[in-house]
Every structure is written in C-alpha cells, then in structure tokens.
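I have placed the structure first, in the form of structure tokens, so that the comments after it can refer back to it.
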Amino acid sequence: MIKLKLGRVISDNTKPLTALSLLSGPDQQVAQAIDHTLLAPDATPDQIEAVCDEALKHGFKAVCVHGWHIPRVAKRLKGSKTVPCAVIGFPQGAGKSSAKAFEAAEAVRDGAAEVDMVINLGALKAGDFATVYNDIAAVVKAAAPADVKVILETVFLSDAQKVAGAYIAAEAGAAWVKTCTGFAGGGASAADVRLMWKTVRDRGVQVKASAGIRTFEKCKEMFDAGAGRIGT
Numbered sequence: 098m099i100k101l102k103l104g105r106v107i108s109d110n111t112k113p114l115t116a117l118s119l120l121s122g123p124d125q126q127v128a129q130a131i132d133h134t135l136l137a138p139d140a141t142p143d144q145i146e147a148v149c150d151e152a153l154k155h156g157f158k159a160v161c162v163h164g165w166h167i168p169r170v171a172k173r174l175k176g177s178k179t180v181p182c183a184v185i186g187f188p189q190g191a192g193k194s195s196a197k198a199f200e201a202a203e204a205v206r207d208g209a210a211e212v213d214m215v216i217n218l219g220a221l222k223a224g225d226f227a228t229v230y231n232d233i234a235a236v237v238k239a240a241a242p243a244d245v246k247v248i249l250e251t252v253f254l255s256d257a258q259k260v261a262g263a264y265i266a267a268e269a270g271a272a273w274v275k276t277c278t279g280f281a282g283g284g285a286s287a288a289d290v291r292l293m294w295k296t297v298r299d300r301g302v303q304v305k306a307s308a309g310i311r312t313f314e315k316c317k318e319m320f321d322a323g324a325g326r327i328g329t
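For any residue, its number in my numbering is found by taking its place in the sequence shown, counting from 1, and adding 97.
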C-alpha cells in the first residue's frame, strides 16, 4: 500500500543550491543542464544529426529523441559528454507496462543513457497508485543502469495529483520527475516545478522542466523554482 503524505507542509523560502550554482557560473554551466530535444514524428535522420551537432557545439547535457533515432544519436555523440536520451510511451503514456519496459530496454541496448517515460495518467487521475507505481518500477528495472525521468504531464493534473505522481515516481526508483511532454498544450510553470521539487527534494530525485521554455529568463525562472534540467 503506497502511503502518500499529501498533507505535508513544506517551507517555500528555501532555494535549491543547484539553481544558484548554475546561474552564478559561466553560460557553459547552464548549457550542461539542457536536454536538446527533437520529438516531432516526422523528424528526419538529417534533422536528428543536426540537433546532435548543435548539442555538441554548445555542450548540452543530452539529446532527447524517439527510440528509432537512438542508434544514430549514440554514434554521433560517442566520445562526448552529451548523452543520448530516449522517450518511452510517448506522448500519451497509456500503453501497457510490459510494452514500456521493452521499449526502454531496447533504447538502452541501442545506447540511451537516460529515458524519459510518460506516467500512466489515467491510473494516476483515478487514484490507482499501485498501477502507477508498478508501471514506473517496470521501466526503471528494464532501463537499468540508465536514469529514468517520469513525465507527469502536469497540464492534466490537480496539485494533489502532481504531488502524488512525483512521490510515486520517487518511490519507484526514478531519478527525475519532469513536467510536460510538450504535446498536450500548455507547458512548464514555475509553480509546478516548485511543487514537484518540494515533493522529491529529500529523496535524491531531481526535477526537469520541459515545454515552452525558450529564453534564458524562462530558464532562470525554472532553475530558481527547483529545476535541475531543462528540456528545449
């Protein structure tokens, strides 16, 4: 039985040290917190390679793509500090856990160092927390040793559901919780990032802000709210 501490009160006065260190250093430190992303369904191999080259040029942390492109991305990034990242169950998250786990395992075998999975939104909204937990845990196990980021798709959730999703992701072994896919309208908000960060900060889990972040000022806002990674 998963016990959620939804009534916990957390002070809003503390800023994350990761955010301050990123913004007090050179631009390169900010670049190292960027996941450069191309998830358009019609993205061509040439476009994917161009995104890889941009990431290498600027020293971004990761290149995030669909699984089909991971072998190409892994080859292009080999020997660099930029890592391949694959999306799983994207963008709806409504597939079976076994399918998500298979997709994650294949991506890691193909060279992914990180995977970004979409949470089972229907189960979360229905309060079926055991299904949500088992879904995430299956991907975490299949993707090992790659880090798993769990996308909550916050645009569809109440604050209580955001807290529940972030808490369950941490319990299931995720390394990160992430705001949005960018395919459901809306985007990351500082309020959502702060809420997620307050939920997972004591569990060694970090927050990725993604969707609608296109300026340095917006990045700064997300860092100040608790984000350790930005998806662009």
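We put the beta carbon where it would ideally sit given N, CA and C, even for glycine.
Contact between residue 213 and residue 185 holds: CB atoms are separated by about 7 Å, below the 8 Å threshold. Minimum Cα-Cα distance from residue 299 among the listed residues 164, 284, 310 and 323 corresponds to 323.
Taken in chain order, the unbroken stretches of alpha helix (DSSP H) that lie wholly in the segment 204 to 280 and span 4 residues or more are 218 to 223, 226 to 240 and 256 to 268.
Looking at the backbone, the Cα of residue 132 and that of residue 225 are separated by about 31 Å. Taken through DSSP and simplified to helix, strand or coil, residue 303 comes out as strand.
For the segment 109 to 193, the continuous beta strand (DSSP E) assignments of 3+ residues that do not extend past its boundaries occur at 131 to 134, 159 to 162 and 180 to 185, in sequence order. With fewer than 16 other Cβ atoms from the protein chains shown falling within 10 Å of its own Cβ, residue 311 counts as exposed. Across the structure, residue 194 and residue 231 are spaced so that their CA atoms are roughly 8 Å apart. Shown here, residue 311 sits in coil according to DSSP, grouped into three states, outside any helix or strand. Around residue 235, the same chain offers 194 and 198 as residues with beta carbons nearer than 6 Å, after the five sequence neighbours per side are excluded. Straight-line spacing of the CA atoms in residue 157 and residue 315 works out to 17 Å.
In this structure, the straight-line span from the alpha carbon of residue 252 to that of residue 317 is close to 21 Å.
Just so you know, the alpha carbons of residue 178 and residue 190 end up roughly 29 Å apart.
Nearest to residue 135 by alpha-carbon distance, out of 269, 165 and 127, is 165.
An exposed status is given to residue 242, since fewer than 16 other beta-carbon atoms sit within 10 Å of its beta-carbon. If you ignore the 5 residues before and after residue 144, its C-beta comes within less than 7 Å of the C-beta of 135, all in its own chain and listed in chain order. Taking all protein chains shown into account, residue 256 has fewer than 16 neighbouring C-beta atoms within 10 Å of its C-beta and is therefore exposed.
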